[in-house]
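What follows is a set of notes on a single structure, which appears directly below.
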Ligand code: EPZ
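In the numbering used here, the protein residues as written are 433 to 851.
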């Protein structure tokens, strides 16, 4: 991990070159948790070298799991895994720590785990997770920041999620595969991360039907067998660079994209902005004149446009040939970027969950501060669209999810460096 504290980025007139897209953060984290459901060695390839993965490794190590890393490959040995409480000092560092709850209940029928952290984009409650576990015969007690759960046996149940929470769906699946009887999850999330997790669990011996739909039927089985996994590319990182391309004349190749199925929604929005794309043999070829079409956009649950790319789209629309709107429907407080973009001379008004974005912006470089992962990435892109030099601070947020934005953007001709 780079120990720099800030990124300095200059206006970029043209993009040309190649970016290798890293493995998916939001995909690999639940799969790392799933390895606890078996006793043996699992090999996970194409794992991104990011802070969230390193913290997840530390949490698994607290449970006496042995982990070796060879480049982008994790070798996870759960043979000697043993119960321990998980400290809030680590669990608060990422949202995905909560995904250890399901596997711990399956393996040890109990869990004492600090509350999760995650980007400050809303209150981020876990009520849907806990309500589901209580339906599975789990006693739940929350005392300040420590969650204590106990269940002599996990009972399969029928549970209708009040909102298709990605994390709650993943947690319930991770518990249901080890519960007695059948679990039916209605109103389940359908994100690609759910599909990949279900397919991985099936490779370990789990019995799951309805994959890709919002009704999942999971039949509890005995202990699963360890399985290897080839992590998919990160659709949000690929989408970050694809949307960036709309605002700068470019001819770039995004490689490591073995299938565009998971990012059709993102490619469609990039097309409406004015980006031409063609996919062939693992590479997405991206061309753009840098002229951004204005429009009215909204985030939503998969397969709608993902909330994680909302700050990046908002930034790109500053350069549109007219005014645009962008409505956030997933998180209640995800417009932090507006205050920082105003430092760059942007003109944006927010009313409830909609941002009104003035186009044709003449952005001027200025120091700006990251406050969360995707907002930080969007500020780097804003710097590429601003005259002069922009200093983006608190880049630890960015490094939670992007392996090396400076390396990636230098690869397509941006004048950018760590300081
Ligand atoms: C996952 O977070 C992702 N994180 C997020 O990506 C992503 O933005 C989000 O899904 C939505 O796609 C990981 O996978 C590690 P949710 P998660 O539960 O599971 C509310 C990034 O940048 N909710 O689907 O926490 C919640 O407050 C991160 O990589 C409850 O009310 O998201 C939010 O408004 C940011 N109660 C909505 O549901 C609950 O128990 C969606 O949250 C759970 C969620």
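Glycine included, C-beta positions come from ideal geometry on N, C-alpha and C.
Collapsing the DSSP output to three states places residue 787 in a strand.
Relative to the Cα of residue 814, the nearest Cα in the group 606, 829, 794 belongs to 794.
When DSSP states are grouped into helix, strand and coil, residue 494 belongs to the helix group. Between residue 658 and residue 473, the gap from beta carbon to beta carbon is short of 8 angstroms.
If you look at residue 824, you'll find it in the beta strand (DSSP E) that goes 821–825. Note that the C-beta distance between residue 465 and residue 522 is not below 8 angstroms. In this structure, 746 is the residue among 644, 616, 746 with its C-alpha nearest to the C-alpha of residue 679. If you compare the alpha carbons of 805, 711, 840, 475 with that of residue 499, the shortest gap goes to 475. In this structure, the ligand EPZ has a non-hydrogen atom nearer than 7 angstroms to the beta-carbon of residue 551. Bridge partners of residue 771 according to DSSP: none are assigned.
The three-state reading of DSSP puts residue 663 in coil, since its state is none of H, G, I, E or B. Remark: the C-beta of residue 806 is in contact range of the ligand EPZ, defined as less than 7 angstroms to any heavy atom. Taking C-beta atoms as the reference points, residue 791 and residue 736 fail to come closer than 8 angstroms. At a cut-off of 4 residues, the continuous stretches assigned as alpha helix (DSSP H) that sit fully inside the segment 588–649 are 598–608, 624–635.
In the structure shown, the three-state DSSP call for residue 542 is strand.
Ranked by Cα distance from residue 583, the first of 543, 622, 574 is 543.
The beta carbon of residue 579 sits no closer than 7 angstroms to any heavy atom of the ligand EPZ. Three or more beta-carbon pairs drawn from the segment 719–726 and the segment 680–693 are found closer than 8 angstroms, and the two stretches are therefore classed as touching. In the structure shown, residue 438 adopts extended strand secondary structure according to DSSP, grouped into three states. Relative to the ligand EPZ, residue 666 has its C-beta separated by 7 angstroms or more from all heavy atoms. The beta-carbon distance between residue 789 and residue 749, rounded to whole angstroms, is 5 angstroms. This is short enough to meet the 8 angstroms contact definition.
The criterion of a C-beta distance shorter than 8 angstroms is not satisfied by residue 581 and residue 547. With distances taken between CA atoms, residue 729 lies nearest to 702 out of 710, 702, 712, 707.
Minimum Cα-Cα distance from residue 511 among the listed residues 594, 467, 630 corresponds to 467. Within the same chain, and ignoring the five residues on either side of residue 622 in sequence, the residues whose Cβ sits closer than 8 angstroms to its Cβ are 596, 644, 645, 646, 733, 734, 735.
Of the candidates 770, 697, 775, the residue whose Cα lies closest to the Cα of residue 782 is 770. If you look at residue 691, you'll find it isn't in any beta strand (DSSP E); DSSP assigns it neither H nor E. Within 10 angstroms of the beta-carbon of residue 776 lie 16 or more other beta-carbons, which makes it buried.
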